[in-house]
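Colleague: Residue 1154 is where the sequence shown starts when you use the working numbering, and the numbers rise one by one after that.
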Amino acid sequence: MLLSVQGAIILILLKLLQPLVLLYSGNMFQRIITGNLQLIKLTNQKIFISVITFGLGLALFFLIHSQIQISKKPIKVGVLHSLSGTMAISEKSVVDATLLAIEEINKKGGVLGRKIQPIIVDGKSDWKTFAKEAEQLITQEQVVTVFGCWTSASRKTVKPIFEKYNHLLIYPVQYEGLEESPNIIYTGAAPNQQIIPAVKWSFDNLGKRLFLVGSDYVFPRTANAIIKDQVTALRGEILGEEYILLGKSDVEFIIKKILETQPDVILNTINGDSNISFFKALRKAGITANKIPTISFSIAEEELRSLPREYVVGDYAVWNYFQSIDDLTNHNFIKNFKKKYGKNRVTSDPIEAGYFGVYLWAQAVEDAGTDEVNTIRDYIKDQSFRAPEGVVYIDADNQHTWKTVRVGKIKTDGQFKIVWNSEKPIRPVPFPLSRSKADWEKFLTNLYQGWNKHWANPG
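So, in structure tokens, the structure goes:
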């Protein structure tokens, strides 16, 4: 774009100067005939040099001015999350964290001396809407990167779009793995950074007889397949496996089966506001954390704000970040988040991953010296950052993030007491070793085909 503007300015100025050059040439010829060659030549040379100098100076002024104007243009990025529907309970807060990071970076001068301009769109908890909005962000808004998605159904729906346009998505949520894309940076946990350590910790501390519950889409189905492989290897027992559609509240049939089987622990991959109905029904049936504890994979501090404390106290969650981490970087992050959004707000793992993802991206843009998306993708692979959870860095081989694993127990104040951590960042392994990559890909294909080419049960 810059070259085309410069070229146009030069061509215009040459056209303007052309009559002056021709005039000089004509005057030279006429004066030579009169015999006053030396004096006239000297005079016209001065005129010619003055005209050329003025013209080039004017051209340089316009070129510099145009470059300054272009360099001042903000760098546009997309923010694509559900601001309405069943997933809004979780995703709105990730938008807040993304905007906080952008605001902080802009206050320090932006990137490459330019402000970051977020273009915020609502995925509406609907996968087709996510796909439509992702394409519009890329083709119409011409953003250079998109920060977004929560559910794996939304991510898998937009993944072909980012690959089609060779673009970049930064995805901030823990997920089931079984995926690598040159067009996605994964700042949430891979299976070996959440699901697999949770099962091992459960076996060591709570028991080996498990009941699996989840929302009926690709993340819970795949997470539970990974869990079942691990339980078999560790000689445990799966007593039941049940699912509900996203956004639904009919959980009584699940509660009945839990009462019948009496597991040692419930592993919960329900997403969104369906968790409110699930935990309420558990307590109504007399299933408490002391009797049958629940380990959740998609409930963090933000979700606990919508759950009555008596429903969840004493249960567990497994994440890489908890607000209760006692660290100066985390304290500052919490302070800034509350200052912007209110003292009653909380931080959580997806919030924190959404936050530091913006910083990793900004560092990559600065190092690349350009906002060109292909170059950003190359440079972000080498980035590390002192995040609120600790040092994180992108694995150049699979574009996932090295992260520390933590288990937290829910307290009466809606925070987590950290009861275990891995002590150091764990290398991400997107494809669990219990099956071959080909077998995992076949598993995903069967899910997709079974749901009529959707990544969630359409009901």
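Note that CB positions come from ideal geometry on N, CA and C, so glycine has one too.
1. Could you name each continuous beta strand (DSSP E) segment of 3 residues or more that falls completely within the stretch 1396-1468, going from the start of the chain to the end?
2. Thinking just about the alpha-carbon of each residue, which of GLN1289, THR1554, TRP1593 is nearest to the one in HIS1320?
3. Between LEU1435, ARG1462, TYR1474, ARG1436, which lies nearest to PHE1450 when the distance is taken from Cα to Cα?
4. Near GLU1519, what residues of its chain come up, given a Cβ to Cβ distance below 8 Å and the 5 sequence neighbours on each side ignored?
5. Is the distance from the Cβ of ILE1323 to the Cβ of ALA1284 below 9 Å?
6. Compute the Euclidean distance between the alpha carbons of PHE1486 and TYR1339, then round it to the nearest angstrom.
7. What first and last residue would you give for the beta strand (DSSP E) that runs through VAL1232?
8. For the alpha helix (DSSP H) containing ILE1487, list its first residue and its last residue.
9. By a C-beta neighbour count over all protein chains shown, 10 Å radius and 16 as the cutoff for buried, is ARG1388 buried or exposed?
10. CB-CB under 6 Å to ASN1421, same chain, minus the five flanking residues each way: which ones, in chain order?
11. Take ALA1438 and list the residues in its own chain whose beta-carbon comes closer than 7 Å to its own, dropping the five residues that flank it on each side.
12. Please report how far the alpha carbon of ARG1530 lies from the alpha carbon of GLN1327, in whole angstroms.
13. Cα-Cα, which of SER1501, ALA1343, GLN1270 is closest to GLY1567?
14. For LYS1595, does the three-state DSSP call read helix, strand or coil?
15. What is the DSSP secondary structure of ASP1566, counted as helix, strand or coil?
16. Pull the bridge partners of ASP1275 from the DSSP assignment, please.
17. Return yes when the Cβ of TRP1280 is within less than 9 Å of the Cβ of HIS1234, no when it is not.
18. Select from PHE1364, LEU1460, GLU1542 the residue whose C-alpha is nearest the C-alpha of ILE1445.
19. Measuring alpha carbon to alpha carbon, tell me which of THR1523, ALA1515, ASN1599, GLU1525 ends up nearest THR1251.
20. Can you look up GLU1542 in the DSSP assignment and give me helix, strand or coil?
21. With a cut-off of 8 Å on the beta carbons, I'd call PRO1581 and ALA1343 a contact; round off their distance for me.
22. With a threshold of 16 other CB atoms inside 10 Å of the CB of PRO1350, please say whether the residue is buried or exposed.
23. Taking Cβ to Cβ, would you say VAL1230 is nearer than 9 Å to THR1298?
24. I'd like to confirm the pairing. Which residues does DSSP put opposite THR1292 in its beta bridges?
Modeller: So, from the listed chains and residues:
1. 1418-1422, 1447-1449
2. GLN1289
3. Per the Cα distances, TYR1474.
4. Cβ within range, chain order: VAL1264, LEU1265.
5. no
6. 21 Å
7. 1228-1234
8. 1481-1494
9. exposed
10. VAL1366, THR1447, SER1449
11. A distance below 7 Å between beta-carbons, with the five flanking residues on each side excluded, links ALA1438 to the following residues of its chain, in chain order: ILE1408, LEU1412.
12. 21 Å
13. SER1501
14. LYS1595 carries a helical assignment under DSSP once its states are collapsed to helix, strand and coil.
15. coil
16. HIS1234
17. no
18. The candidate whose alpha carbon is nearest that of ILE1445 is PHE1364.
19. ALA1515
20. DSSP places GLU1542 in coil when its eight states are reduced to three.
21. 4 Å between Cβ atoms; contact.
22. buried
23. yes
24. Here THR1292 is not bridged, per DSSP, to any residue.
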